[in-house]
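> Before anything else, here's the structure in question.
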Amino acid sequence: MFVPRLASDLECPDEIRQRARTLAEEAEERGVTTGVHPAGFAAACLYKAGREEGQWLTQSDVAETGNVTPTTVRTHHETLEEQVA
Numbered sequence: 010m011f012v013p014r015l016a017s018d019l020e021c022p023d024e025i026r027q028r029a030r031t032l033a034e035e036a037e038e039r040g041v042t043t044g045v046h047p048a049g050f051a052a053a054c055l056y057k058a059g060r061e062e063g064q065w066l067t068q069s070d071v072a073e074t075g076n077v078t079p080t081t082v083r084t085h086h087e088t089l090e091e092q093v094a
């Protein structure tokens, strides 16, 4: 799973790391992650978790850390917003 590595690279607090992992697990259970770039999806989970916890990680920062584009993060974030609470 990419969430722990990216969270570590971004020096995210445990609350964000745990919430992002929960989001990723829920998305996987719902089949949302099928066929998607895993690092991009993990980056989107961290971005969403950061927003929920009040730490405003930027799409650019999480994208760079995950070696994906901000557009990838945005697309996966929108999917999370629509399909995972």
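Counting the sequence shown from 1 gives a position; my numbering is that position plus 9.
C-beta atoms are modelled at their ideal positions from N, C-alpha and C, and glycine is treated no differently.
Quick caveat, the model's predicted, so the values are computed rather than measured.
1) So, under 8 Å CB-CB, Glu35 and Val93 are touching, yes? Tell me the CB distance rounded to an integer number of Å.
2) Spell out a yes or no on whether the stretch 60–77 and the stretch 25–33 are touching, meaning 3 or more CB-CB pairs, one atom from each, closer than 8 Å.
3) Should Thr1 be labelled buried (16 or more other beta-carbon atoms within 10 Å of its own) or exposed?
4) In angstroms with no decimal places, state the Cα-to-Cα distance between Leu89 and Arg14.
5) With a 10 Å radius around its C-beta and 16 neighbouring C-beta atoms as the bar for buried, classify Thr81 as buried or exposed.
6) Tell me which residues share the same chain as Val77 and place their Cβ nearer than 8 Å to its Cβ, disregarding the 5 neighbours each side in the sequence.
7) Which value, in whole angstroms, describes the spacing of the CA atoms of Leu19 and Val71?
8) Once DSSP output is grouped into helix, strand and coil, what is the label at Phe11?
Looking at the atomic coordinates:
1) 5 Å
2) yes
3) Past the edges of the chain, shown from 10 to 94, lies residue 1, and the structure says nothing about it.
4) 20 Å
5) buried
6) His46, Ala48, Gly49 and Ala52
7) 7 Å
8) coil
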